[in-house]
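Enquirer:
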Amino acid sequence: MDRTESLLRTAASPPDAATLPSTPGDAATPPSAPADAVTPPPSAPGDAATPPPSAPGDAATPWPSTPADTAPRRDPRWVGPALVVLLLGTGLLYLWGLGASGWANSFYSAAVQAGSESWKAFFYGSSDAANSITVDKTPAALWLMALSVRIFGLNSWAILVPQALLGVASVGVLFATVRRWYGPAAGLIAGTVLALTPVAALMFRFNNPDALLVLLLVLGAYATVRAVETASTRWIVLVGVLVGFGFLTKMLQAFLVVPVFAGVYLLAAPTGFWRRIRQLLLAGLGLVVAAGWWVATVELVPASARPYIGGSQGNSILELTLGYNGLGRITGDEEGSVGGGARPGGGGGPFSGQTGWLRMFDTEVGGQISWLLPAALILLVAGLVLAGRAARTDRRRAGLLLWGGWLLVTGLIFSFMSGIFHAYYTVALAPAVGALVGIGTVLLWRERRAATRPAAPVVAGGRRPGRWRGPFATVTLAATLAVTVWWSWRLLDRSPDFHPWLGTTVLVTGLAVAVLIVLARRLPRRLVPVVLVLGASAALAGPAAYAAETAATAHTGSIPSAGPAVQGGFGPGRGGPGGRMDGGMAFPGGGGPGGDRDGGTGQFPGFPGGTADGGPGQFPTRPDGTGQDGGTGQNGGTGQNGGTGQNGGTGQNGGTGQNGGTARTAARVLMAARSRTAVPARTAGVPAAARGVPAVGWAACSTPGSRAPR
Numbered sequence: 001m002d003r004t005e006s007l008l009r010t011a012a013s014p015p016d017a018a019t020l021p022s023t024p025g026d027a028a029t030p031p032s033a034p035a036d037a038v039t040p041p042p043s044a045p046g047d048a049a050t051p052p053p054s055a056p057g058d059a060a061t062p063w064p065s066t067p068a069d070t071a072p073r074r075d076p077r078w079v080g081p082a083l084v085v086l087l088l089g090t091g092l093l094y095l096w097g098l099g100a101s102g103w104a105n106s107f108y109s110a111a112v113q114a115g116s117e118s119w120k121a122f123f124y125g126s127s128d129a130a131n132s133i134t135v136d137k138t139p140a141a142l143w144l145m146a147l148s149v150r151i152f153g154l155n156s157w158a159i160l161v162p163q164a165l166l167g168v169a170s171v172g173v174l175f176a177t178v179r180r181w182y183g184p185a186a187g188l189i190a191g192t193v194l195a196l197t198p199v200a201a202l203m204f205r206f207n208n209p210d211a212l213l214v215l216l217l218v219l220g221a222y223a224t225v226r227a228v229e230t231a232s233t234r235w236i237v238l239v240g241v242l243v244g245f246g247f248l249t250k251m252l253q254a255f256l257v258v259p260v261f262a263g264v265y266l267l268a269a270p271t272g273f274w275r276r277i278r279q280l281l282l283a284g285l286g287l288v289v290a291a292g293w294w295v296a297t298v299e300l301v302p303a304s305a306r307p308y309i310g311g312s313q314g315n316s317i318l319e320l321t322l323g324y325n326g327l328g329r330i331t332g333d334e335e336g337s338v339g340g341g342a343r344p345g346g347g348g349g350p351f352s353g354q355t356g357w358l359r360m361f362d363t364e365v366g367g368q369i370s371w372l373l374p375a376a377l378i379l380l381v382a383g384l385v386l387a388g389r390a391a392r393t394d395r396r397r398a399g400l401l402l403w404g405g406w407l408l409v410t411g412l413i414f415s416f417m418s419g420i421f422h423a424y425y426t427v428a429l430a431p432a433v434g435a436l437v438g439i440g441t442v443l444l445w446r447e448r449r450a451a452t453r454p455a456a457p458v459v460a461g462g463r464r465p466g467r468w469r470g471p472f473a474t475v476t477l478a479a480t481l482a483v484t485v486w487w488s489w490r491l492l493d494r495s496p497d498f499h500p501w502l503g504t505t506v507l508v509t510g511l512a513v514a515v516l517i518v519l520a521r522r523l524p525r526r527l528v529p530v531v532l533v534l535g536a537s538a539a540l541a542g543p544a545a546y547a548a549e550t551a552a553t554a555h556t557g558s559i560p561s562a563g564p565a566v567q568g569g570f571g572p573g574r575g576g577p578g579g580r581m582d583g584g585m586a587f588p589g590g591g592g593p594g595g596d597r598d599g600g601t602g603q604f605p606g607f608p609g610g611t612a613d614g615g616p617g618q619f620p621t622r623p624d625g626t627g628q629d630g631g632t633g634q635n636g637g638t639g640q641n642g643g644t645g646q647n648g649g650t651g652q653n654g655g656t657g658q659n660g661g662t663a664r665t666a667a668r669v670l671m672a673a674r675s676r677t678a679v680p681a682r683t684a685g686v687p688a689a690a691r692g693v694p695a696v697g698w699a700a701c702s703t704p705g706s707r708a709p710r
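Residue numbers for the sequence shown follow full-length UniProt numbering, beginning at 1 and rising by one.
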């Protein structure tokens, strides 16, 4: 039998196989790991104060249940090769032509270069080796790239390859997480969906912090799964530590999953209520320590002995965390944010789009993440319906709540946050979408498969339990595929010049397969795998085409976007709204929609591959006149604020920041000076002489607390 049919049979195991771990495909761990069994190991009697999910009470629930298998079997032979193919394919997608993006987001590349030259700059995440000012994020993501540059030298591959490897690792960890409770077929589907999500293909080929954040959150989900299995204190504390390091990567965005992880453990861990509470308190302590050690260090070091905190109003990392990168993103009240004042567009402004329930499906965001989002939501609801009144410790329901909670909490916050929001933030949704698609598909197929077997014995009252489950699963699978291919057709229609035949092909093929799923009982057995392969191909063709287009396109600037240009929205991710910018440095301000202003700048002088001359910035002068010294840029390009040239003004490269200078502007100047000569003062109103820094230029290129939208 070929591998496709073997995969089908594994995913379509009888009802008893739906309780894990009871079949080869659903093995939670190999026999050599007794601690992973459903019951706790003899050496840890305290870890199981209450019966595990296989307790007799589970048998009375509508969800099929069997006694726990204390000797889980290994995966089928095809699983290992299939996983290798998935990981190698992901690596190829994320690494192919990676150097074409150059320095990608040069704001972070400047900080990576500084960290490779100075350990102090490495620790603080400074934009320059002289430690003048930090980036406006916590620095964990920069640490990996800076270490790579220290080892391999300063080049685009050394900066971007670690990001691609983080993507491969995320796919592998997601597979392992889903496989533990739902089997290898579900894990492989989940990993494939994550790998082919367009925004994932974008961010794992880019040097923004989101790549490391995704890996840490998926690792946190894996640790939550392990903790729930045996009520393990070690694993739940590890969850807190991983989320804490997520905070060191992208601040409060990492905390969006905290209530979900904690709630699932509180609901499903097989131990007493108060013990669960104590364990969660310990996990919270681990989170505080992992997230707080760096923050405490920065706050306790005298301001004169460290760089200025970029993006803050008062040189405080706590202010930056709770304000601009915290609640300000939710409320839209970001002090010192770009432009200031009220924003159009439903509160979100030009860098946020329209808020509301459909934000994840709109023109700017839809093509990035929403291809399988309707399927994930449908399958989540269907899985919970099938779970019915399952026992408190039922793992399958716990897994649905884990990934469904992740998707709903994060997705709703993204949909309604009034502050700065960019479409690439939605990469944080991709693991949850992949997991729900994999889990829901396998669970529904098992139920459908069970309906074709001999009827269950008659129980009291003359009824057979669960007779509705098979038809429900069949119709739901068909409807999910139909909705998915219809939405893919709509998304592809937004890019009429991008493979115009693809949308119609996906729609027709998917609808035909949906009909065949309903009629599958009448099909020859050997045709069923063919039908399933066609259905999967139709569902994944759209995002796969977008992901391939993303990998084939160079992306630079601060607001990248996956896939081809779409009607009425962002272009193919090379710049800001309305246009592509020349010169290698893309940033919003290539004009408004339609692009009627002169665009970005060239690469940095003195940076490998850079050019010296930059185009005019969006705002050639400050509103109140010229810069501090009234000079022009070093090479004749007008500076963003009319600042001075070589030693600190923004004239050198013709800055592109919005409404005044930013930390990004300082990074350009500092990169141009190669971080070894005079550096600008940190911000307006900060005494430069107190830090041993020449008091030139920076006051002319930055207003207090202003920053690039990121």
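Glycine included, every Cβ here is placed at the ideal spot set by N, Cα and C. All values reported here derive from a predicted model rather than from experimental measurement.
Starting from residue 203, follow the alpha helix (DSSP H) in both directions and report where the run begins and ends.
Expert: The count along the sequence shown starts at 1 and reaches residue 203 at position 203. Its alpha helix (DSSP H) spans residues 198-203.
Enquirer: Given a threshold of 16 other Cβ atoms within 10 Å of its Cβ, counted over all protein chains shown, does residue 640 qualify as buried or as exposed?
Expert: Position 640 of the sequence shown, counted from the first residue, corresponds to residue 640. Because residue 640 carries a pLDDT of 37, less than 50, the predicted location of this residue cannot be relied on, and the following value inherits that uncertainty. Counting Cβ neighbours within 10 Å, residue 640 comes out buried, since at least 16 surround it.
Enquirer: Output needed for residue 490: all residues of its chain with C-beta closer than 6 Å, excluding positions within five of it in sequence on either side, in chain order.
Expert: Within the sequence shown, residue 490 is the residue found at index 490, counting from 1. Cβ within range, chain order: n/a, list empty.
Enquirer: Where are the alpha helix (DSSP H) runs, 4 residues long or more, that stay fully inside the region 515-553, in chain order?
Expert: 528-551
Enquirer: Roughly how many whole angstroms lie between the Cα atoms of residue 152 and residue 143?
Expert: Taking the sequence shown and counting its residues from 1, one reaches residue 152 at position 152. Taking the sequence shown and counting its residues from 1, one reaches residue 143 at position 143. Answer to the nearest angstrom: the Cα atoms are 14 Å apart.
Enquirer: Going by C-alpha to C-alpha distance, which of 196, 204, 192 and 269 sits closest to residue 225?
Expert: Numbered from 1 along the sequence shown, position 225 holds the residue referred to as residue 225. Of the listed residues, the one whose Cα sits closest to residue 225 is 269.
Enquirer: Per DSSP, residue 133 forms a beta bridge with which residues?
Expert: Translated into positions along the sequence shown, residue 133 becomes position 133. Note: residue 133 sits in a beta bridge opposite 308.
Enquirer: Taking a contact to mean a Cβ-Cβ separation below 8 Å, would you say residue 187 touches residue 173 in this structure?
Expert: Locating residue 187 in the sequence shown gives position 187, counting from the first residue. Locating residue 173 in the sequence shown gives position 173, counting from the first residue. No, they are not a contact pair.
Enquirer: Which whole-angstrom value is the C-beta distance of residue 436 and residue 407, which I expect to be below 8 Å?
Expert: If you number the sequence shown from 1, residue 436 lands on position 436. If you number the sequence shown from 1, residue 407 lands on position 407. Rounded, the Cβ-Cβ distance is 7 Å, consistent with contact.
Enquirer: Would you kindly check if the distance between the Cβ of residue 513 and the Cβ of residue 542 is under 8 Å?
Expert: Numbered from its first residue, the sequence shown carries residue 542 at position 542. Numbered from its first residue, the sequence shown carries residue 513 at position 513. The Cβ atoms of residue 542 and residue 513 lie no closer than 8 Å to each other.
Enquirer: Taking Cβ to Cβ, would you say residue 430 is nearer than 8 Å to residue 330?
Expert: Taking the first residue of the sequence shown as position 1, residue 430 is located at position 430. Taking the first residue of the sequence shown as position 1, residue 330 is located at position 330. Against a cut-off of 8 Å, the Cβ pair of residue 330 and residue 430 comes out as no contact.
Enquirer: Is the beta carbon of residue 98 closer than 8 Å to that of residue 723?
Expert: Beyond the ends of the chain as shown, which are 1 and 710, falls residue 723; an answer cannot be given.
Enquirer: Quick one: is residue 163 buried, meaning 16 or more other Cβ sit within 10 Å of its Cβ, or exposed?
Expert: Residue 163 sits at position 163 when you count from the first residue of the sequence shown. Residue 163 should be labelled buried.
Enquirer: Using the rule of at least 16 other Cβ atoms within 10 Å of the residue's Cβ for burial, across every protein chain shown, is residue 420 buried or exposed?
Expert: For the purposes of this step, residue 420 is taken as residue 420 along the sequence shown, with counting starting at 1. So residue 420 ends up on the buried side.
Enquirer: Keeping to the same chain, check which residues put their C-beta closer than 6 Å to that of residue 321; ignore five residues upstream and five downstream.
Expert: By one-based count along the sequence shown, residue 321 stands at place 321. Counting only Cβ-Cβ distances below 6 Å, and skipping sequence neighbours, we find 251.
Enquirer: Using DSSP's beta-bridge definition, name the partner residues of residue 126.
Expert: Within the sequence shown, numbered from 1, the residue matching residue 126 stands at position 126. By DSSP's assignment, residue 126 forms a beta bridge with 134.
Enquirer: Measuring only the C-alpha atoms, how far is residue 262 from residue 280?
Expert: For the purposes of this step, residue 262 is taken as the residue at position 262 of the sequence shown. For the purposes of this step, residue 280 is taken as the residue at position 280 of the sequence shown. Taking the straight line joining both Cα atoms gives about 7 Å.
Enquirer: Note the first and the last residue of the continuous alpha helix (DSSP H) segment covering residue 487.
Expert: Reading the sequence shown from its first residue, position 487 is the one you call residue 487. First-last of the alpha helix (DSSP H) with residue 487: 469-493.
Enquirer: Grouping DSSP H, G and I as helix and E and B as strand, with all else coil, what is residue 596?
Expert: Here residue 596 refers to the residue found at position 596 when the sequence shown is read from its first residue. Caution applies to residue 596, whose pLDDT of 37 falls short of 50 and renders its modelled position unreliable; the model cannot decide the point.
Enquirer: Only counting the same chain, and skipping five residues up and downstream in sequence, which positions put a Cβ closer than 7 Å to that of residue 238?
Expert: As a working note, residue 238 is residue 238 in the sequence shown. Counting only Cβ-Cβ distances below 7 Å, and skipping sequence neighbours, we find 223.
Enquirer: Return the first residue and the last residue of the alpha helix (DSSP H) that residue 103 is part of.
Expert: Locating residue 103 in the sequence shown gives position 103, counting from the first residue. Looking at the DSSP string, residue 103 is not in any alpha helix (DSSP H), and its letter there is neither H nor E.
Enquirer: Whose C-alpha, out of 538, 479 and 416, is nearest the C-alpha of residue 356?
Expert: Here the question's residue 356 lines up with position 356 in the sequence shown. Checked all of 538, 479 and 416; the closest Cα to residue 356 is 416.
Enquirer: Quick check on residue 567: does DSSP put it in helix, strand or coil?
Expert: Taking the sequence shown and counting its residues from 1, one reaches residue 567 at position 567. The three-state reading of DSSP puts residue 567 in coil, since its state is none of H, G, I, E or B.
Enquirer: How should residue 180 be labelled, buried or exposed, when 16 other C-beta atoms within 10 angstroms of its C-beta is the threshold for buried?
Expert: Mapped onto the sequence shown, residue 180 falls at position 180. By the neighbour-count rule (16 or more Cβ atoms within 10 Å), residue 180 is buried.
Enquirer: Could you work out which residue in 95, 304 and 508 is closest to residue 554 when comparing CA atoms only?
Expert: Position 554 of the sequence shown, counted from the start, is the residue given in the question as residue 554. When each option's Cα is compared against that of residue 554, the closest is 95.
Enquirer: Out of 482, 277, 215 and 492, state which residue places its alpha-carbon closest to the alpha-carbon of residue 546.
Expert: Position 546 of the sequence shown holds residue 546. Nearest option by C-alpha distance: 492.
Enquirer: Keeping to the same chain, check which residues put their C-beta closer than 6 Å to that of residue 375; ignore five residues upstream and five downstream.
Expert: Walking along the sequence shown from the start, residue 375 turns up at place 375. Contacts found: 437, 480 and 484.
Enquirer: I'd like to know whether the C-beta atoms of residue 318 and residue 288 end up nearer to each other than 8 Å.
Expert: Here the question's residue 318 lines up with position 318 in the sequence shown. Here the question's residue 288 lines up with position 288 in the sequence shown. Result no, Cβ atoms of residue 318 and residue 288 do not sit closer than 8 Å.
Enquirer: Can you give the Cα-Cα distance for residue 248 and residue 439, rounded to whole angstroms?
Expert: Position 248 of the sequence shown, counting from 1, holds the residue named residue 248. Position 439 of the sequence shown, counting from 1, holds the residue named residue 439. Cα-Cα distance, rounded: 31 Å.
Enquirer: Do the CB positions of residue 83 and residue 175 come within less than 8 Å of each other?
Expert: If you number the sequence shown from 1, residue 83 lands on position 83. If you number the sequence shown from 1, residue 175 lands on position 175. Yes. Within cutoff.
Enquirer: Evaluate the contact criterion for the region 128-147 versus the region 102-120: three or more CB pairs, one atom per stretch, below 8 Å.
Expert: Per the Cβ contact rule, the region 128-147 is in contact with the region 102-120 (3 or more Cβ pairs under 8 Å).
Enquirer: Under a three-way DSSP split, which group does residue 299 fall into?
Expert: As a working mapping, residue 299 is identified with position 299 in the sequence shown. In this structure, residue 299 counts as helix in the three-state DSSP scheme.
Enquirer: Please classify residue 209: does DSSP put it in a helix, a strand, or coil?
Expert: Here residue 209 corresponds to residue number 209 of the sequence shown, with the count starting at 1. Coil, per DSSP.
Enquirer: Buried or exposed for residue 192, going by 16 or more other Cβ atoms inside 10 Å?
Expert: As a position in the sequence shown, residue 192 is number 192, starting the count at 1. Looking at its Cβ environment, which holds 16 or more other Cβ atoms inside 10 Å, residue 192 is buried.
Enquirer: Indicate the three-state DSSP secondary structure (helix, strand or coil) for residue 231 in the structure shown.
Expert: One-based indexing of the sequence shown puts residue 231 at position 231. Reduced to three states, the DSSP call for residue 231 is coil.
Enquirer: Can you check the region 348-394 for any alpha helix (DSSP H) of at least 4 residues that lies completely inside it and give the ranges in chain order?
Expert: 366-369 and 373-387
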